[in-house]
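Undergrad: In the numbering used here, the protein residues as written are 1 to 442. Every residue gets a Cβ at the ideal spot worked out from N, C-alpha and C, and that includes glycine. Just so you know, these numbers come straight off a predicted model, no measurement behind them.
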Ligand SMILES: Cc1ncc(COP(=O)(O)O)c(C=O)c1O
């Protein structure tokens with residue numbers, strides 16, 4: 001087939017290969033500033049978090065706290081550790097329960113488990129993909145101690161509702177802001193919306209380092225002091241000339257290196273500029289896609305801003321005029337057709353967290369704290385919105401983070417429009433990929 005037929009059946013790709021270059025879609029963007037900053041650390045000989053005065057780590061901490069609007073920030077080794085330290089420093093007790101959204105990255109579940117806190121999974125809102133406050137209210141028990149508000153994909157949770165719920169039940173409100181750097185909720189930044197917040201600086205994040213890193217923010221001076229102890233073997237180093245090697249609490253080593261901090265400080269200097277460009281590029285893409293029937297594009301409520309870390313698209317068979325195919329088959333058909341056009345759509349989280357193998361089989365952990373809630377992890381039927389979203393949606397990751405991705409995103413829009421002009425072929429493929437009715441009921 002020629003002309004403007006689907007690439008899968010021999011037509012031209014909507015996203016030509018030679019348009020997809022590192023300078024347009026590569027991430028992170030690395031400039032001479034990063035190169036010089038990293039070399040500067042090597043030349044300085046100050047490699048750790050604990051250089052007195054104005055080491056790179058301390059500077060990053062101050063700059064991030066100022067941008068977020070909190071009194072304190074502690075840099076740590078990665079985002080998962082940031083969550084763990086946030087829980088511990090906030091005083092979330094082992095054996096208690098924490099509400100965690102059923103749709104998130106595994107770290108949101110593993111961090112509590114590592115601190116012997118039981119994750120109780122809560123369904124998401126089907127439009128924002130963040131924790132549904134009504135479902136959260138229904139999941140509270142006398143053992144609940146905290147709510148983990150995951151700002152998934154870069155969109156802040158409904159924090160007013162979650163705050164009200166937390167206050168009503170005396171719970172801690174902890175932000176997992178790993179995907180939502182500098183997003184705003186009612187004029188305040190993520191990281192300043194709960195009692196304590198954890199960010200990731202992983203290389204794929206909106207605020208990356210050249211590897212792994214994390215940040216924890218809080219207004220609470222005591223919580224901050226515990227964070228510092230818990231990233232440094234339980235020791236107190238602040239204000240001491242000489243290390244005394246006394247560990248006041250059982251704690252490991254969770255520090256960030258100065259190289260990682262120096263790299264991130266350069267990225268931080270361009271965070272706002274990159275966000276503005278990304279916001280323009282993504283909105284121009286979504287404006288075009290919003291017109292396509294049956295395609296639900298990411299939604300940003302008026303009272304918040306979106307960091308656009310991940311773009312999730314839902315495919316509604318009915319709106320697309322597709323009959324006789326399961327939602328999963330429609331999603332799989334769209335994925336194949338779009339990838340042939342050159343758009344790397346992919347699933348992000350193939351199962352709800354409570355269906356993750358490690359949680360269902362309880363492997364790799366000595367049994368405790370699982371005994372507290374036997375049988376809680378499994379099919380996940382109590383999270384219907386999470387299941388539906390996973391079944392009928394795909395995501396675009398990373399490409400759109402680059403501020404120069406605008407033209408490629410317009411090609412992506414053209415790919416969607418082209419595929420939508422051939423929905424009869426997508427429908428035929430989806431029907432062929434659907435399980436036979438006899439299989440489906442088994
Ligand atoms: C929602 C969420 N929480 C926590 C993390 C953990 O961050 P890290 O990979 O830096 O450990 C991630 C990382 O992908 C994440 O997406």
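Only counting runs of 3 or more residues, tell me where the beta strand (DSSP E) segments fall wholly within the region 285-315, in order along the chain.
TA: 310-315
Undergrad: Compute the distance between the beta-carbons of residue 198 and residue 69, then report whether it is under 9 Å.
TA: Between residue 198 and residue 69, the gap from beta carbon to beta carbon reaches 9 Å or more.
Undergrad: When you compare the CB positions of residue 214 and residue 230, do they come within less than 9 Å of one another, or not?
TA: It is not a contact, given that the beta carbons lie outside the stated cut-off.
Undergrad: By DSSP, does residue 218 sit in helix, in strand, or in coil?
TA: strand
Undergrad: Taking C-alpha atoms, which residue in 327, 309, 8 lies nearest to residue 208?
TA: Out of 327, 309, 8, 309 has the C-alpha closest to the C-alpha of residue 208.
Undergrad: Does residue 36 pass the burial test, meaning 16 or more other C-beta atoms within 10 Å, or should it be called exposed?
TA: exposed
Undergrad: Could you compute how far the alpha carbon of residue 238 sits from the alpha carbon of residue 364?
TA: 36 Å
Undergrad: When you compare only the Cα positions, how much space is there between residue 147 and residue 162?
TA: Cα to Cα, residue 147 sits roughly 8 Å from residue 162.
Undergrad: For the beta strand (DSSP E) containing residue 505, list its first residue and its last residue.
TA: Outside the displayed range of the chain (1 to 442) lies residue 505, so it cannot be described from this structure.
Undergrad: Using only alpha-carbon positions, find the residue among 128, 171, 156, 131 that is nearest to residue 141.
TA: Of all alpha-carbon atoms in 128, 171, 156, 131, the one lying nearest the alpha-carbon of residue 141 is that of 171.
Undergrad: Reducing DSSP to helix, strand and coil, say where residue 206 ends up.
TA: coil
Undergrad: Give me, in chain order, the residues of the same chain whose beta-carbon lies closer than 8 Å to that of residue 248; leave out the 5 immediate sequence neighbours on both sides.
TA: 229, 234, 235, 236
Undergrad: Between which two residues does the alpha helix (DSSP H) containing residue 43 stretch?
TA: 32-44
Undergrad: Assuming the contact rule is C-beta atoms closer than 8 Å, residue 144 and residue 111 should be a hit. Round their C-beta distance to whole Å, please.
TA: The pair is not a contact, with the Cβ atoms about 17 Å apart (cut-off 8 Å).
Undergrad: Just how far apart, CA to CA, sit residue 15 and residue 106?
TA: 32 Å
Undergrad: Under 8 Å, with one C-beta from each stretch per pair, do the region 340-357 and the region 14-30 reach the 3-pair mark?
TA: yes
Undergrad: With burial defined as no fewer than 16 other Cβ atoms inside 10 Å of the residue's Cβ, what is the status of residue 361: buried or exposed?
TA: exposed
Undergrad: Among 27, 9, 50, whose alpha-carbon lies nearest the alpha-carbon of residue 241?
TA: 50
Undergrad: I'd like to confirm the pairing. Which residues does DSSP put opposite residue 174 in its beta bridges?
TA: 148, 196
Undergrad: Residue 16 lies in the alpha helix (DSSP H); which residues open and close that run?
TA: Careful: residue 16 lies outside any alpha helix (DSSP H) and carries neither H nor E.
Undergrad: Judging by CA-CA distance, which residue of 156, 173, 126, 92 is the nearest neighbour of residue 179?
TA: 156
Undergrad: State the CB to CB distance for the pair residue 398 and residue 204, rounded to an integer number of angstroms; the pair is presumed to be in contact (CB under 8 Å).
TA: That belief holds up - the Cβ atoms of residue 398 and residue 204 are roughly 6 Å apart, short of 8 Å.
Undergrad: Indicate the three-state DSSP secondary structure (helix, strand or coil) for residue 429 in the structure shown.
TA: Correct three-state label for residue 429: helix.
Undergrad: I'd like to know whether the C-beta atoms of residue 244 and residue 220 end up nearer to each other than 9 Å.
TA: no
Undergrad: Assuming residue 131 and residue 101 are in contact, meaning their beta carbons sit under 8 Å apart, how far apart are those beta carbons, in whole angstroms?
TA: 4 Å
Undergrad: Under the criterion of a Cβ to heavy atom distance below 8 Å, does residue 61 qualify as lining ligand 1?
TA: no
Undergrad: Quick check for students: name the residue ranges of the alpha helix (DSSP H) that lie wholly in the region 217-272, counting only runs of 4 or more.
TA: 221-230
Undergrad: Distance, Cα to Cα, residue 280 vs residue 408?
TA: 13 Å
Undergrad: How far does the beta strand (DSSP E) with residue 334 in it reach, from first residue to last?
TA: Per DSSP, residue 334 lies in no beta strand (DSSP E) segment; the continuous alpha helix (DSSP H) that holds it begins and ends at 327-341.
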